[in-house]
DNA sequence: ACAAAACGGATACGTGGTATCCACTTAATT
DNA sequence: AATTAAGTGGATACCACGTATCCGTTTTGT
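Residue numbers (this note's numbering), protein chains in the order written: chain A, 112 to 370; chain B, 112 to 370.
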């Protein structure tokens, strides 16, 4: 399930009314583009009160559903959850990409701030651990955010550029941790990203079994990154019960590509 | 993309010929079940020479494609790659599940052997590292195997039971490593599985950028599991170039569940 | 009261998978 | 070589599910 499925309709003008479609053949739509209706917020004209109300509702529903089920939810789902018709959603947001963009811009900004705060921490290692904890915590509570950070759904540029802003900060942070002798010498800042990726996998897989499980494996990974692992605290929480390991292992999505 | 998509056809008898389907309405098939044709290998009657040849071809193609692209490949893909028609594949293998089962039973057995050998290793830690290396190496070179080990596609029982056989062995192995003081005291055998899962994510994500990258992160994870991380060797290979981190982060499949 | 704006949801349309059917080809047997 | 059962192939039915449209109806603002 690609998060942003390729637009499929795009009715070939030549095919208008050639494939059946009883009763709709003639008379192009009156709603299709009634005077640059789309793009509210850029155009000056304010939305009608009910429209604005619905816009909010849609945004709320989208936020909730994306967080809960990831970016894979359909606009129909969102519409239903918001208590409006599909048409309303599509009038407001030309496609899912724009809806996601307008929703997550701010959330992604949070990540940057988190990392900036980590860099500013007088104790670099403390900065690193708290950053990981905070960032993963966000991802654990918001599937949509997680997918924006790891999987790059379709062509969301926003996610890419944000990752571009994170990189130099991570570099700085790792540099400081090296200087203070707390980070193992052969760790590079790129490893922070891959660590995130590994832990994201745990978040994903264990969400239903123990939503806090990632903390344990963050502990293990941090030991692997640290120059003085013996100084780090005990692992929490406990590992999954042996009977449930299977559940965790089985909860991962599978790879793509078919032809 | 679920690996084993629910069968969709299963033509409702009542709907025969009610939805159009010009020219096919009457006269049930002559090929549908000509005297228990299916299940070759259990039934005594040997296959005709060409049929047997095609069976091999299909198996080869399936092996190759599953390894290369994961269990998501369609039977049509396999048929084409084998140079036979789809019908031929479906006559030989009632559905994809059986094809997978007959292909991977042996491969999964290999994993068990690998772990048994690790348990037998006089140096438990050496056993652990070599097991991880061998198992992940297998997974890196065979997407299908990887998916059987982590994602449990649909209802493949075989994978589940194999994992059941792995567990006690892992327990034994971790016990020995504890006894020899090489494994960190608070590690449990369940953590081996989750470590696999994390590293599988790296394998998946980095396959196109650097297929050996998982070794570096295995190194980091092993440091996190070890009681004496300072004794472990340097990390290899190097991390991905900063410009390529994005590629890796973006290569992960996304979560499932829609409604 | 009236027009413009917005609504809603049935429905077209596309994609991409599974599985079928039957006219034709081929191996095995006589 | 003739016969025929076994096997083949691939166009096609069929379905699930997603996106996006269209237009009769409802609501808002003046």
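Built from N, CA and C at the ideal position, the CB exists for glycine as well.
**OP:** Taking only runs that begin and end inside the stretch 154-237 of chain A, name each unbroken alpha helix (DSSP H) of 4 or more residues, in chain order.
**Re:** If we require 4 residues or more, the alpha helix (DSSP H) runs fully inside the stretch 154-237 of chain A come out as 160-180, 186-193, 197-203 and 207-231.
Original post:
Listed from N- to C-terminal order along the chain, which residues in the stretch 281-307 of chain A have their beta-carbon within a distance smaller than 7 Å of any beta-carbon of chain B?
Top reply: Considering only beta carbons, the part of the stretch 281-307 of chain A lying closer than 7 Å to chain B consists of 297, 299, 301, 302, 304 and 305, in chain order.
Original post:
residue 274 of chain A CB to nearest chain B CB: under 8 Å?
Top reply: Taking the first residue of the first chain as 1, we reach residue 274 of chain A at position 163. Cβ-Cβ to chain B under 8 Å: yes for residue 274 of chain A.
Original post:
How is residue 361 of chain A classed by DSSP in three states: helix, strand or coil?
Top reply: In the first chain, counting from the first residue as 1, residue 361 of chain A sits at position 250. Residue state, collapsed to three classes: coil.
Original post:
Would residue 237 of chain A be called buried (16 or more neighbouring beta carbons within 10 Å of its own) or exposed?
Top reply: By one-based count along the first chain, residue 237 of chain A stands at place 126. Counting C-beta atoms within 10 angstroms of its own C-beta, residue 237 of chain A has fewer than 16 neighbours from the protein chains shown and is therefore classed as exposed.
**OP:** Please list the partners that residue 373 of chain A has in chain B, where partner means a Cβ-to-Cβ separation under 8 Å.
**Re:** Because residue 373 of chain A is not part of the residues shown, which for chain A are 112 to 370, the question remains open.
Original post:
From which residue to which residue does the alpha helix (DSSP H) around residue 326 of chain A run?
Top reply: Within the first chain, the letter at position 215 stands for residue 326 of chain A. For residue 326 of chain A, the enclosing alpha helix (DSSP H) starts and ends at 325-336.
Subject >> Residues bridged to residue 294 of chain A (per DSSP) >> reply: As a working note, residue 294 of chain A is residue 183 in the first chain. According to DSSP, which records beta bridges pairwise, residue 294 of chain A is partnered with A:337.
Original post:
If we cut at 8 Å on Cβ distances, does residue 336 of chain B have a partner in chain A?
Top reply: Along the second chain, one-based indexing puts residue 336 of chain B at 225. Taking 8 Å as the threshold, the shortest C-beta distance from residue 336 of chain B to chain A falls below it.
**OP:** Could you confirm whether any beta carbon from chain B is found closer than 8 Å to the beta carbon of residue 357 of chain A?
**Re:** Residue mapping note: residue 357 of chain A aligns to position 246 of the first chain, counting from 1. Yes, its Cβ sits closer than 8 Å to a Cβ of chain B.
**OP:** For residue 210 of chain B, collect the residues of the same chain with a Cβ closer than 7 Å to its Cβ; drop the 5 residues on either side in sequence, then sort them by chain order.
**Re:** Within the second chain, numbered from 1, the residue matching residue 210 of chain B stands at position 99. Cβ neighbours of residue 210 of chain B within its own chain (closer than 7 Å, five residues either side excluded): 173 and 204.
Original post:
Quick one: does residue 348 of chain A have its CB under 8 Å from some CB of chain B?
Top reply: To locate residue 348 of chain A, count along the first chain from 1; it is residue 237. Judged by the 8 Å Cβ criterion, residue 348 of chain A is not in contact with chain B.
Original post:
Does any residue of chain A bring its CB to less than 8 Å from the CB of residue 332 of chain B?
Top reply: Walking along the second chain from the start, residue 332 of chain B turns up at place 221. A Cβ of chain A is located within less than 8 Å of the beta carbon of residue 332 of chain B.
Original post:
Among residues of its own chain, excluding the 5 on either side of residue 328 of chain B, which ones have a beta-carbon nearer than 8 Å to its beta-carbon?
Top reply: Against the second chain, residue 328 of chain B aligns to sequence position 217. Only 309, 310 and 313 meet the Cβ criterion.
Subject >> Cutoff 8 Å: residue 316 of chain A Cβ touching any chain B Cβ >> reply: Position 205 of the first chain, counted from the first residue, corresponds to residue 316 of chain A. Closer than 8 Å: yes.
Original post:
In chain A, what lies closer than 8 Å to residue 201 of chain B by C-beta?
Top reply: Numbered from 1 along the second chain, position 90 holds the residue referred to as residue 201 of chain B. Within chain A, no residue comes near residue 201 of chain B; the closest Cβ sits about 18 Å away, beyond 8 Å.
**OP:** Given a cut-off of 8 Å, decide if residue 242 of chain A and residue 226 of chain A are closer than it, judged by their beta-carbon atoms.
**Re:** On the first chain, residue 226 of chain A is found 115 positions in, with the first residue counted as 1. On the first chain, residue 242 of chain A is found 131 positions in, with the first residue counted as 1. Between residue 226 of chain A and residue 242 of chain A, the gap from beta carbon to beta carbon is short of 8 Å.
Subject >> chain B residues whose Cβ lies nearer than 7 Å to that of residue 351 of chain A >> reply: Sequence index remark: in the first chain, residue 351 of chain A carries index 240 (1-based). Neighbours of residue 351 of chain A on chain B, chain order: 301.
Subject >> Exposure of residue 354 of chain B, with buried meaning 16 or more beta-carbon neighbours within 10 Å >> reply: Here the question's residue 354 of chain B lines up with position 243 in the second chain. Classified as exposed, residue 354 of chain B has fewer than 16 neighbouring CB atoms from the shown chains inside 10 Å of its CB.
Original post:
Taking Cβ to Cβ, would you say residue 334 of chain B is nearer than 8 Å to residue 335 of chain A?
Top reply: The count along the second chain starts at 1 and reaches residue 334 of chain B at position 223. The count along the first chain starts at 1 and reaches residue 335 of chain A at position 224. Contact: yes.
**OP:** Just the C-alpha distance for residue 376 of chain A and residue 273 of chain A, rounded to the nearest angstrom, thanks.
**Re:** Because chain A in this structure spans residues 112 to 370, residue 376 of chain A falls outside the shown range and cannot be described.
**OP:** Would you verify that the beta carbon of residue 133 of chain B is, or is not, closer than 8 Å to some beta carbon of chain A?
**Re:** For this step, residue 133 of chain B is matched to residue 22 along the second chain. Its pLDDT being 36, under 50, residue 133 of chain B is placed unreliably by the model, and nothing is read from it.
**OP:** Identify the continuous alpha helix (DSSP H) that holds residue 313 of chain A and give its terminal residues.
**Re:** Here residue 313 of chain A refers to the residue found at position 202 of the first chain. Residue 313 of chain A: member of the alpha helix (DSSP H) spanning 300-317, first to last residue.
Original post:
If you draw a straight line from the C-alpha of residue 287 of chain A to the C-alpha of residue 262 of chain A, how long is it?
Top reply: Looking up residue 287 of chain A in the first chain gives position 176. Looking up residue 262 of chain A in the first chain gives position 151. A direct Cα-to-Cα measurement between residue 287 of chain A and residue 262 of chain A gives close to 29 Å.
Subject >> Residues near residue 245 of chain B in its chain [Cβ-Cβ closer than 7 Å; skip 5 each side] >> reply: Translated into the one-based positions of the second chain, residue 245 of chain B becomes position 134. Correct list, in chain order: 225.
Original post:
Are the beta-carbon atoms of residue 178 of chain B and residue 275 of chain B separated by less than 8 Å?
Top reply: Position 67 of the second chain, counted from the first residue, corresponds to residue 178 of chain B. Position 164 of the second chain, counted from the first residue, corresponds to residue 275 of chain B. No; because the gap between Cβ atoms is not below 8 Å, this pair is not in contact.
Subject >> 8 Å CB neighbourhood of residue 348 of chain A in its chain, flanking five on each side removed >> reply: One-based indexing of the first chain puts residue 348 of chain A at position 237. Within the same chain, residue 348 of chain A has close Cβ partners 321, 323, 324, 326 and 327.
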